[in-house]
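In this note's numbering, the protein residues as written are 81 to 390.
Just so you know, even glycine gets a beta-carbon here, dropped at the ideal spot from N, CA and C.
And the structure:
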């Protein structure tokens with residue numbers, strides 16, 4: 081993910097917490113990290129599930145130039161979503177010690193809470209990462225109660241995909257300084273420093289997984305009240321198209337996930353569209369080869385028709 085600057089500048093956004101050198105709010109940085117985490121999870125062959133962390137940084141993506149740019153705009157003509165199709169695939173590297181320690185911290189976090197963590201080993205850039213565990217449930221009524229009026233979770237999506245699990249994640253209050261983590265690590269000689277963060281009542285994002293015999297479809301709705309825009313990358317072999325969800329402009333992205341040998345191992349399809357009046361960004365996606373673009377569009381169109389935000 082990246083803003084309007086070249087991708088090389090974004091490495092620093094992914095790897096650390098300060099506000100970037102562009103005129104955007106803190107929430108842009110959260111989105112950058114969030115999407116980075118999702119992309120890295122795919123590339124290390126982990127199952128794409130619910131978004132359970134705002135930031136889990138396991139690697140660094142190399143810089144490369146964009147070939148084509150696809151955008152969604154709001155009613156004012158401002159870009160809210162951008163997909164940059166690139167000339168070559170990103171190259172990633174992993175820090176095993178860092179990643180394992182971060183995973184252990186994440187597993188200790190309770191649902192609905194958030195933490196900032198500084199891990200000393202395998203961390204030359206002295207990253208202070210932050211993440212949270214959302215509230216999750218397989219009971220649609222429980223998740224609906226948490227979601228309130230932001231989104232009405234349907235029992236079933238178009239095509240017979242039934243509710244499997246949902247989540248609700250709230251906004252994090254970033255009341256910490258990196259220097260405090262460094263000082264504590266030096267004084268205590270500990271490898272891991274963790275600080276619990278406060279979480280706002282305001283919902284940052286929510287979503288759910290639906291399934292039938294053909295596979296799983298996931299939906300995610302992001303609160304854009306404090307977000308300027310988000311950006312992601314498409315590889316040279318990916319397909320990106322402008323489509324319509326009802327009367328709304330949308331982006332369709334067919335992403336090819338490649339292994340270490342450069343061969344395509346799996347594919348992911350997604351559709352994104354923006355509801356300007358509600359300031360919500362909708363995502364509908366799947367990694368099932370049996371679910372077509374037309375099915376995703378039908379699901380998105382039904383969601384668009386059925387949701388009301390009075």
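Under the three-pair Cβ rule at 8 angstroms, the region 294-311 counts as touching the region 156-164. Judged by beta-carbon spacing, residue 277 lies beyond the 8 angstroms limit of residue 197, meaning their Cβ atoms are not closer than that value. Residue 211 is a Cβ neighbour of residue 186, given a cutoff of 8 angstroms. Contiguous beta strand (DSSP E) elements confined to the region 174-262 occur at 194-199, 208-212, 215-217 and 241-253, taking only those with 3 or more residues. Membership of residue 323 in the beta strand (DSSP E) is indicated by the continuous run 319-325.
Just measuring C-alpha positions, the residue of 296, 381 and 286 sitting nearest residue 228 is 286. In this structure residue 253 is exposed. Its beta-carbon is surrounded by fewer than 16 other beta-carbon atoms within 10 angstroms.
In the structure shown, the three-state DSSP call for residue 375 is helix. For residue 157, there is no enclosing beta strand (DSSP E), as DSSP marks it with neither H nor E. When 321, 214, 181 and 237 are compared, the shortest CA-CA separation from residue 201 is found for 181. In this structure, the alpha-carbon of residue 222 lies about 10 angstroms from that of residue 215. Just so you know, the alpha carbons of residue 344 and residue 166 end up roughly 17 angstroms apart. With fewer than 16 other Cβ atoms from the protein chains shown falling within 10 Å of its own Cβ, residue 340 counts as exposed.
Taking every protein chain shown into account, the CB of residue 234 has 16 or more other CB atoms within 10 angstroms, so this residue is buried.
Residue state for residue 355 is assigned as strand, using DSSP reduced to three classes. Under the three-pair Cβ rule at 8 angstroms, the region 287-300 counts as touching the region 230-247.
Assigned with DSSP and collapsed to three states, residue 269 falls in coil, not helix or strand.
Counting along the chain, residue 362 sits inside the beta strand (DSSP E) bounded by residues 360-366. Residue 167 carries a coil assignment under DSSP once its states are collapsed to helix, strand and coil.
With at least 16 other beta carbons inside 10 angstroms of its own, residue 367 counts as buried.
By the Cβ test, the region 354-363 is in contact with the region 298-305, since at least three Cβ pairs between them sit closer than 8 angstroms. Distance from residue 279 to residue 193 at the Cβ level is roughly 7 angstroms; contact confirmed, criterion being Cβ atoms closer than 8 angstroms.
Rounded to the nearest angstrom, the Cβ distance from residue 271 to residue 199 is 7 angstroms, consistent with a contact under 8 angstroms.
The shortest CA-to-CA distance from residue 375 to any of 346, 332 and 387 is the one to 332. If you look at residue 295, you'll find it in the beta strand (DSSP E) that goes 295-303.
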